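In our numbering, the protein residues as written are 25 to 503.
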């Protein structure tokens with residue numbers, strides 16, 4: 025399956041749903057109130073974010089896709105702040121302003137990265153006349169490649185059938201993030217994305233995969249759906265499509281920091297990927313990867329294409345730390361933004377021996393991250409002769425990546441890594457052997473950038489060439 029991140033820039037996604045403003049007040053807690061047994065939070069940071077369908081649209085725009093958002097707000101300052109946040113991020117907003125009800129707002133008080141309380145300010149919009157908004161929806165359908173209905177049960181989607189029928193008549197796929205237990209409301213949708221608890225609230229307990237799939241197929245038939253994508257927390261996702269085998273995707277093990285907005289990320293990345301030309305399984309893979317990233321962030325959050333690329337490449341290498349040059353450059357920038365010290369070295373590392381292990385351990389001790397650049401097979405042959413390397417590049421990289429001291433491994437095809445070093449600009453460049461600093465390839469780039477070049481000595485009586493010679497002598501003596 026193609027796991028490359030698609031080009032989202034031409035994707036057009038239309039979002040209709042419940043929009044809200046998410047507010048985060050954060051600060052330290054050092055004492056308990058004398059008035060009641062509650063912590064006192066000294067607010068030092070106030071942040072506003074788009075929530076609900078607004079977060080869905082923001083996720084789409086963050087990927088570089090084109091998002092049009094329809095929803096209902098109050099005629100108030102919170103509504104104007106929400107609209108401003110979204111428009112600054114490139115979301116085209118068409119909001120119906122209710123004259124009496126406030127913009128739905130959720131205020132979270134956070135201290136020491138823990139949410140202490142959430143305060144909701146809202147009046148549902150169930151009785152609101154949506155005819156004007158629906159007319160705008162009909163106009164926008166002609167430009168849309170995929171439609172999302174983001175239902176939070178606040179009233180914007182009081183009549184989803186009208187929207188689903190219009191989208192299907194226009195041959196536009198419509199994806200629904202459902203709310204409640206009445207899935208008949210979403211009859212005829214292309215796909216719905218309940219989480220496991222929402223799904224089981226409708227169909228009953230699913231103790232195993234077979235039961236889950238069987239009940240998913242029954243739900244598809246009962247409500248004339250094309251597919252259902254069930255998000256299953258630590259068990260990943262299951263995609264069930266009419267007349268196709270189920271597609272189970274495990275999640276990657278990671279520390280879950282906050283699941284707020286994860287469902288928004290799933291449906292936004294799924295829709296954007298479909299609009300960008302992915303098939304449903306590829307789009308599901310993108311959505312699963314994005315969900316794994318976003319749960320590691322605080323509050324309603326988004327995912328960038330760079331984060332998707334890094335995560336997908338890491339998954340493809342099964343976390344081995346092996347990268348191509350472009351994906352490694354992204355890793356380096358991420359590490360640099362965190363203030364980490366990057367140490368870099370290079371070599372053929374044809375047959376790993378104790379000298380290599382000790383040398384790499386000493387190199388890693390100089391900083392936070394150790395990057396090892398490895399000569400590709402053709403480069404080794406030019407340097408060592410036609411009988412080398414003994415081990416091909418993928419084997420050599422895998423062995424190096426398995427060492428505790430090594431964080432990243434990357435191949436290079438030239439005789440020296442000078443070009444690669446001058447591109448990545450490590451803080452410390454390390455070389456082993458009897459060199460002087462001015463003889464080390466790429467050293468001038470590192471020093472000109474304010475970095476250091478350090479020479480370490482190899483362990484005595486250890487070399488790949490000596491090991492190869494001993495093997496050859498042993499074979500000759502046997503013959």
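We treat Cβ as the ideally placed atom computed from N, Cα and C, and that holds for glycine. Source: prediction; values computed, not measured.
Of the listed residues 410, 267, 360, nearest to residue 394 (C-alpha basis): Locating residue 394 in the chain shown gives position 370, counting from the first residue. Restricting attention to 410, 267, 360, the CA atom closest to the CA of residue 394 is found in 360.
Exposure of residue 90, with buried meaning 16 or more beta-carbon neighbours within 10 Å: What you label residue 90 is simply residue 66 of the chain shown in a count that begins at 1. Counting Cβ neighbours within 10 Å, residue 90 comes out buried, since at least 16 surround it.
Nearest residue (CA-CA) to residue 430, options 105, 234, 144, 366: By 1-based counting over the chain shown, the position of residue 430 is 406. It is 366 whose Cα lies nearest to the Cα of residue 430.
Backbone secondary structure at residue 24 - three-state DSSP: Residue 24 falls outside the range modelled here, since the chain spans only 25 to 503, and no answer is possible.
Close-in-space but distant-in-sequence residues of the same chain around residue 295 (CB under 6 Å, 5 per side omitted): Numbered from its first residue, the chain shown carries residue 295 at position 271. Cβ within range, chain order: 37, 170, 172, 199.
Residue environment, residue 469, which counts as buried when at least 16 other CB atoms sit within 10 Å: By one-based count along the chain shown, residue 469 stands at place 445. Per the 10 Å Cβ criterion, buried.
Cβ separation of residue 300 and residue 35, assumed to be a contact under 8 Å, to the nearest whole Å: Here residue 300 refers to the residue found at position 276 when the chain shown is read from its first residue. Here residue 35 refers to the residue found at position 11 when the chain shown is read from its first residue. Sure, about 4 Å apart at Cβ, within 8 Å.
Cβ-based neighbour list, residue 277, same chain, cut-off 6 Å, excluding 5 preceding and 5 following: Residue numbering aside, residue 277 sits at position 253 when the chain shown is read from its first letter. Reliability fails at residue 277, whose pLDDT of 45 lies under 50, so the model's placement of it is uncertain and the value that follows must be treated cautiously. None.
Under the three-state DSSP convention, the category residue 380 falls into: One-based indexing of the chain shown puts residue 380 at position 356. Residue state, collapsed to three classes: helix.
Neighbour-count burial assignment, residue 458, 16 or more Cβ in a 10 Å radius: Start at 1 with the first residue of the chain shown, and residue 458 comes out as number 434. Counting Cβ neighbours within 10 Å, residue 458 comes out exposed, since fewer than 16 surround it.
Assigned secondary structure, residue 334 (DSSP; H/G/I helix, E/B strand, else coil): Position 310 of the chain shown, counted from the first residue, corresponds to residue 334. Helix at residue 334.
Cut-off 7 Å between Cβ atoms - residues of its own chain near residue 446, not counting five sequence neighbours on either side: Sequence index remark: in the chain shown, residue 446 carries index 422 (1-based). Excluding residues within five positions, the ones whose Cβ falls inside 7 Å are 466, 469.
Contact check, residue 110 vs residue 161, beta carbons under 7 Å: Within the chain shown, numbered from 1, the residue matching residue 110 stands at position 86. Within the chain shown, numbered from 1, the residue matching residue 161 stands at position 137. Not closer than 7 Å, so no.
At least 3 beta-carbon pairs within less than 8 Å: the segment 54-68 vs the segment 110-125: no
Cβ-Cβ distance between residue 127 and residue 181 below 7 Å: Numbered from 1 along the chain shown, position 103 holds the residue referred to as residue 127. Numbered from 1 along the chain shown, position 157 holds the residue referred to as residue 181. Not closer than 7 Å, so no.
Beta-carbon spacing of residue 133, residue 65 below 7 Å: Taking the first residue of the chain shown as 1, we reach residue 133 at position 109. Taking the first residue of the chain shown as 1, we reach residue 65 at position 41. Against a cut-off of 7 Å, the Cβ pair of residue 65 and residue 133 comes out as a contact.
Check whether residue 174 and residue 77 have beta carbons under 7 Å apart: The residue you call residue 174 lines up with position 150 of the chain shown. The residue you call residue 77 lines up with position 53 of the chain shown. Yes. Within cutoff.
As assigned by DSSP and simplified to three states, the class of residue 280: For the purposes of this step, residue 280 is identified with residue 256 of the chain shown, where counting begins at 1. Bear in mind that the predicted position of residue 280 carries a pLDDT of just 44, short of 50, making it too unreliable to give a figure here.
Beta-carbon gap between residue 267 and residue 207 smaller than 7 Å: Stepping through the chain shown from its first residue, residue 267 is reached at position 243. Stepping through the chain shown from its first residue, residue 207 is reached at position 183. Going by C-beta atoms, residue 267 is not nearer than 7 Å to residue 207.
Beta-carbon spacing of residue 400, residue 444 below 7 Å: Taking the first residue of the chain shown as position 1, residue 400 is located at position 376. Taking the first residue of the chain shown as position 1, residue 444 is located at position 420. Not a contact, by the Cβ cut-off of 7 Å.
Counted within 10 angstroms of its Cβ, other Cβ atoms place residue 451 as buried (16 or more) or exposed: Stepping through the chain shown from its first residue, residue 451 is reached at position 427. So residue 451 ends up on the buried side.
Contact the segment 374-390 vs the segment 413-427: 3+ CB pairs below 8 Å: As far as the Cβ criterion goes, the segment 374-390 touches the segment 413-427, which means the pair count is three or higher.
Contacts around residue 28, its chain only, beta-carbon distance under 7 Å, and the 5 residues preceding and following it disregarded: Residue numbering aside, residue 28 sits at position 4 when the chain shown is read from its first letter. Closer than 7 Å at Cβ, skipping near neighbours: no residue.
Nearest neighbour of residue 55, chosen from 97, 135, 255 [CA to CA]: Within the chain shown, numbered from 1, the residue matching residue 55 stands at position 31. Considering only alpha carbons, the answer is 135.
Nearest residue (CA-CA) to residue 167, options 224, 271, 195: Here residue 167 is taken as the residue at index 143 of the chain shown, counted from 1. Residue 167 has its Cα closest to that of 195, out of 224, 271, 195.
Residue(s) in a DSSP beta bridge with residue 121: Locating residue 121 in the chain shown gives position 97, counting from the first residue. In the DSSP output, where bridge partners are listed per residue, residue 121 has 97.
Close Cβ partners of residue 30 (< 7 Å) along its chain, the five nearest in sequence each way excluded: The sequence position of residue 30 within the chain shown is 6, counting from 1. Cβ within range, chain order: 297, 300, 301, 302.
Neighbour-count burial assignment, residue 33, 16 or more Cβ in a 10 Å radius: Within the chain shown, residue 33 is the residue found at index 9, counting from 1. That one is exposed.
Segment limits, beta strand (DSSP E) that includes residue 174: Counting from 1 along the chain shown, the entry for residue 174 is found at position 150. That run of the beta strand (DSSP E) goes 170-174.
CB-CB length for residue 217 against residue 264, believed under 8 Å: On the chain shown, residue 217 is found 193 positions in, with the first residue counted as 1. On the chain shown, residue 264 is found 240 positions in, with the first residue counted as 1. No, residue 217 and residue 264 are not in contact; Cβ-Cβ is about 12 Å, not under 8 Å.
Cβ neighbour criterion (16 or more within 10 Å) applied to residue 222: For the purposes of this step, residue 222 is taken as the residue at position 198 of the chain shown. Buried, by the Cβ-count rule.
Contacts around residue 187, its chain only, beta-carbon distance under 8 Å, and the 5 residues preceding and following it disregarded: Position 163 of the chain shown holds residue 187. For residue 187, where only same-chain residues beyond five positions count, the Cβ hits under 8 Å are 40, 158, 161, 171, 173, 181, 198.
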